[in-house]
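Single-structure report; data block below.
2 protein chains.
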Amino acid sequence: MNTLSIGQLARACGLGIETIRFYEREGLLPPPQRTAAGYRKFSTDSVQRLNFIRRAKEVGFTLDEIRELLALHDDPHGERTRVKALTEAKLAQIERKILDLSRMRDVLAHLATECSGVGPVSSCPIIQALEQPPLTHQQTSQDSDEQHD
Amino acid sequence: MNTLSIGQLARACGLGIETIRFYEREGLLPPPQRTAAGYRKFSTDSVQRLNFIRRAKEVGFTLDEIRELLALHDDPHGERTRVKALTEAKLAQIERKILDLSRMRDVLAHLATECSGVGPVSSCPIIQALEQPPLTHQQTSQDSDEQHD
DNA sequence: CTTGACTCTGTACAAGACTACAGGGTTTAT
DNA sequence: ATAAACCCTGTAGTCTTGTACAGAGTCAAG
Chain S
-13 MNTLSIGQLA RACGLGIETI RFYEREGLLP PPQRTAAGYR KFSTDSVQRL NFIRRAKEVG
47 FTLDEIRELL ALHDDPHGER TRVKALTEAK LAQIERKILD LSRMRDVLAH LATECSGVGP
107 VSSCPIIQAL EQPPLTHQQT SQDSDEQHD
Chain P
-13 MNTLSIGQLA RACGLGIETI RFYEREGLLP PPQRTAAGYR KFSTDSVQRL NFIRRAKEVG
47 FTLDEIRELL ALHDDPHGER TRVKALTEAK LAQIERKILD LSRMRDVLAH LATECSGVGP
107 VSSCPIIQAL EQPPLTHQQT SQDSDEQHD
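Protein chains in written order, with this note's numbering: chain S, -13 to 135; chain P, -13 to 135.
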């Protein structure tokens, strides 16, 4: 028989049992077959599905987005346009986030070079810089993180 | 009198009243004076302190870290070394995060160009790529985000 | 004196992605 | 027959940074 218990599946994918049940509850995995005693019986396809989820997470998709990708994947009439749109939206979002972080990095790098690291905090240029009122309230991508698509 | 009610302070800093109370609970603001009726009376210094918090958040510090920066700021014997160390650790962390995101961006950009956006999902190169098992399980900075300092 | 604006405390909720029980039933090996 | 290892459901907790009440008290203006 080529079915897996939840524990076997978990080991095969390097995930926790609880995580798999969580994905099932969240609609990422279809409800599996059950044994007479109520134990889950996963087909070996489930390994691939969990790999899909993991890969998608690695490139930055949220579980909500992955649910939609999987639904497209499962739908014989699924539109490839939508997959591409999701990918491009995610790409744009990640690029925004990189820009935000780059700005932070520049400020921090500047602060780090300003400060000798010796002496009392009272005259520390880092602390002094932070005491200044924010010049402009720039929007961070925390604020604009939502997907507009 | 140069004291502020919580509402006045909130307006002066562009924060919500609840946020200020939250910061007080979290130990970022010292417990303010109170009126006879129990209303908070903030000194005008509080405006600067809240600006400090906001600036520090803008460059990526967490509230935990900001609490420590403020404690150093408040301590007449505070060591500037520590401020610099926190800054450099944050800088390194942000650089790691940028690298992670850059890897994701590269993969997504590649996927987006691969896919024509036309046709059924079944033959979509994005979906096919996601179906592949993860090559190496690379650590993302989600995992290594904690500060080692 | 009443209305409206303000403040107080304490608690609960939000998102996202899990993780951890508690209290049972099942299977397998000895 | 019994212990170990596995599985079930359902609920609750974790982390972070706030937000949102509910129910009550206070203050200023008309």
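Every residue, glycine too, gets a C-beta built ideally from N, C-alpha and C.
Exposure of Q128 of chain P, with buried meaning 16 or more beta-carbon neighbours within 10 Å
What you label residue 128 of chain P is simply residue 142 of the second sequence in a count that begins at 1. Residue confidence is low: Q128 of chain P scores 46 on pLDDT, short of 50, so the model does not pin down where it sits. Its coordinate-derived value is still stated next. Taking all protein chains shown into account, Q128 of chain P has fewer than 16 neighbouring C-beta atoms within 10 Å of its C-beta and is therefore exposed.
Are three or more beta carbon pairs between the segment 37 to 53 of chain P and the segment 109 to 121 of chain S nearer than 8 Å?
Touching, yes.
Once you ignore the five residues that flank L14 of chain S on each side, which residues in its own chain have a CB closer than 7 Å to its CB?
On the first sequence, residue 14 of chain S is found 28 positions in, with the first residue counted as 1. Closer than 7 Å at Cβ, skipping near neighbours: I39, L49, I52, R53, L56.
Interfacial residues, the segment 38 to 52 of chain S to chain P, with Cβ spacing under 7 Å
Within the segment 38 to 52 of chain S, those residues whose Cβ lies closer than 7 Å to any Cβ of chain P are, in chain order, F38, R40, R41, A42, E44, V45, G46.
For Q34 of chain P, would you say it is in contact with chain S, using Cβ-to-Cβ distances shorter than 8 Å as the test?
Looking up residue 34 of chain P in the second sequence gives position 48. Interface residue, yes.
F28 of chain P, enclosing alpha helix (DSSP H) - first and last residue
Along the second sequence, one-based indexing puts residue 28 of chain P at 42. Where F28 of chain P is concerned, there is no enclosing alpha helix (DSSP H), although the beta strand (DSSP E) it sits in stretches over 26 to 29.
From which residue to which residue does the alpha helix (DSSP H) around P62 of chain P run?
In the second sequence, counting from the first residue as 1, residue 62 of chain P sits at position 76. Element bounds for P62 of chain P: n/a, residue is neither H nor E.
Verify the CB distance criterion: does P119 of chain P have a CB-CB separation below 8 Å to chain S?
Here residue 119 of chain P is taken as the residue at index 133 of the second sequence, counted from 1. Among the CB atoms of chain S, one or more fall inside 8 Å of the CB of P119 of chain P.
Cβ shell of T30 of chain S (< 8 Å), same chain only, five flanking positions each side left out:
Translated into positions along the first sequence, residue 30 of chain S becomes position 44. For T30 of chain S, the CB contacts under 8 Å within the same chain, skipping 5 residues up- and downstream, are N(-12), T(-11), L(-10) in chain order.
So does the segment 61 to 75 of chain S actually touch the segment 18 to 35 of chain P, counting three or more Cβ pairs closer than 8 Å?
Segments in contact, no.
Would you decide whether V104 of chain S is buried or exposed? Buried here means 16 or more other CB atoms lie within 10 Å of its CB.
As a first step, residue 104 of chain S is located in the first sequence; it is residue number 118 there, counting from the start. A residue is called buried once 16 or more other Cβ atoms fall within 10 Å of its Cβ, and V104 of chain S, having fewer, is exposed.
Residues of chain S with a CB under 9 Å from the CB of I1 of chain P: which are they?
The residue labelled residue 1 of chain P in the question sits at position 15 within the second sequence. Going by the sequence as given, residue 1 of chain P is Leu instead of Ile. The premise fails here: L1 of chain P is roughly 11 Å from chain S at the closest Cβ pair, so nothing lies under 9 Å.
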